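Visitor: Chains A and B supply the protein sequences, listed in that same order. By my numbering, the letter at position 47 of the first sequence is numbered 78, and the numbering carries on one by one without gaps. By my numbering, the letter at position 103 of the second sequence is numbered 180, and the numbering carries on one by one without gaps. From the three backbone atoms N, C-alpha and C, an ideal C-beta is built for every residue, glycine too. In this text, all values refer to a predicted model and were calculated from it rather than measured experimentally. Pasting a structure below so you can have a look.
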Amino acid sequence: DAKTTQPNSMESNEEEPVHLPCNHSTISGTDYIHWYRQLPSQGPEYVIHGLTSNVNNRMASLAIAEDRKSSTLILHRATLRDAAVYYCILRDEVTGGSYIPTFGRGTSLIVHP
Amino acid sequence: GEEVAQTPKHLVRGEGQKAKLYCAPIKGHSYVFWYQQVLKNEFKFLISFQNENVFDETGMPKERFSAKCLPNSPCSLEIQATKLEDSAVYFCASSGLRRGNTEAFFGQGTRLTVV
Chain A
32 DAKTTQPNSM ESNEEEPVHL PCNHSTISGT DYIHWYRQLP SQGPEYVIHG LTSNVNNRMA
92 SLAIAEDRKS STLILHRATL RDAAVYYCIL RDEVTGGSYI PTFGRGTSLI VHP
Chain B
78 GEEVAQTPKH LVRGEGQKAK LYCAPIKGHS YVFWYQQVLK NEFKFLISFQ NENVFDETGM
138 PKERFSAKCL PNSPCSLEIQ ATKLEDSAVY FCASSGLRRG NTEAFFGQGT RLTVV
């Protein structure tokens with residue numbers, strides 16, 4: 032299975048942008064890059080996903096490297112509510128592939144007021 | 078419904094007792110996944126279903142854990158003769174397709190405490 036690596040933790044100040052990196056050097060051509068986050072005492076929550084092009088939605092932006100071996104989740108203005116563990120995972124487009132969302136350790140984001 | 082509903086939120090069992098957890102996936106979703114989160118941040122995949130059929134059970138401890146997804150009923154995860162190490166938060170997720178470009182939706186979890 033393709034795996035991802037993320038820093039254990041990152042810190043940010045409120046109202047500042049946050050760039051959360053993820054390395055996935057063994058990504059296959061059919062793997063989508065997904066980001067989830069887990070707020071304290073809650074279940075994981077979908078944030079965004081992409082394949083090759085950068086993606087934007089109301090929660091965040093996803094920047095994907097040209098070679099797809101890394102990606103960055105961008106929170107444009109961090110709020111205290113964004114303090115969570117952020118998980119970068121890969122899901123295979125092809126049926127029969129690694130369709131099970133497989134979580135690593137994620138990055139704990141600390142947001143300072 | 079539009080969210081994955083897990084019940085109960087909390088469950089306390091004495092060692093050796095049975096525990097049964099329930100998950101109602103989002104209506105229309107064919108795939109259900111169960112995860113165990115023991116330590117902060119670490120998820121262990123247990124089992125997945127495609128409708129009522131077990132799709133992948135590679136993570137299930139076979140001796141004491143069992144799971145079902147029957148038509149028109151919530152899915153269930155049952156632990157016979159619980160042990161202290163079964164204390165964890167159990168998450169259920171559902172997904173509409175077995176495709177990489179679809180997201181999985183998670184419930185709020187059931188916290189099982191074995192004493």
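Can you find the residues in the same chain that come closer than 6 Å, C-beta to C-beta, to residue 101/A, ignoring five residues on each side of it along the sequence?
Guide: Result list for residue 101/A: 54, in chain order.
Visitor: Looking at chain B, is there any beta carbon in it that lies within less than 8 Å of the beta carbon of residue 116/A?
Guide: Answer yes: the Cβ-Cβ gap between residue 116/A and chain B drops below 8 Å somewhere.
Visitor: Evaluate contact between the stretch 101–108 of chain B and the stretch 165–182 of chain B, counting only Cβ atoms and requiring at least three cross-stretch pairs below 8 Å.
Guide: Verdict: yes, contact present.
Visitor: Excluding the five sequence neighbours on either side, which residues of its own chain have a C-beta within less than 6 Å of the C-beta of residue 143/B, listed in chain order?
Guide: Cβ neighbours of residue 143/B beyond the five flanking positions: 155.
Visitor: Please name the residue or residues paired with residue 140/A in a DSSP beta bridge.
Guide: 41/A, 115/A.
Visitor: According to DSSP, is residue 128/A helix, strand or coil?
Guide: Bear in mind that a pLDDT of 47 at residue 128/A, under 50, signals an unreliable position, so the number given afterwards is only what the model happens to contain. It is coil, neither helix nor strand.
Visitor: How about residue 141/A and residue 99/A: do their beta carbons lie closer than 8 Å?
Guide: For residue 141/A and residue 99/A, no; Cβs fall outside 8 Å.
Visitor: Please name the residue in 101/B, 123/B, 96/B, 164/B whose C-alpha comes closest to that of residue 75/B.
Guide: As displayed, chain B neither begins before 78 nor continues past 192, which places residue 75/B out of reach and without an answer.
Visitor: By Cβ distance below 7 Å, which residues in the same chain neighbour residue 157/A in space, the five residues on each side in sequence not counted?
Guide: The structure shown does not extend to residue 157/A, since chain A is modelled only from 32 through 144, so no value can be given for it.
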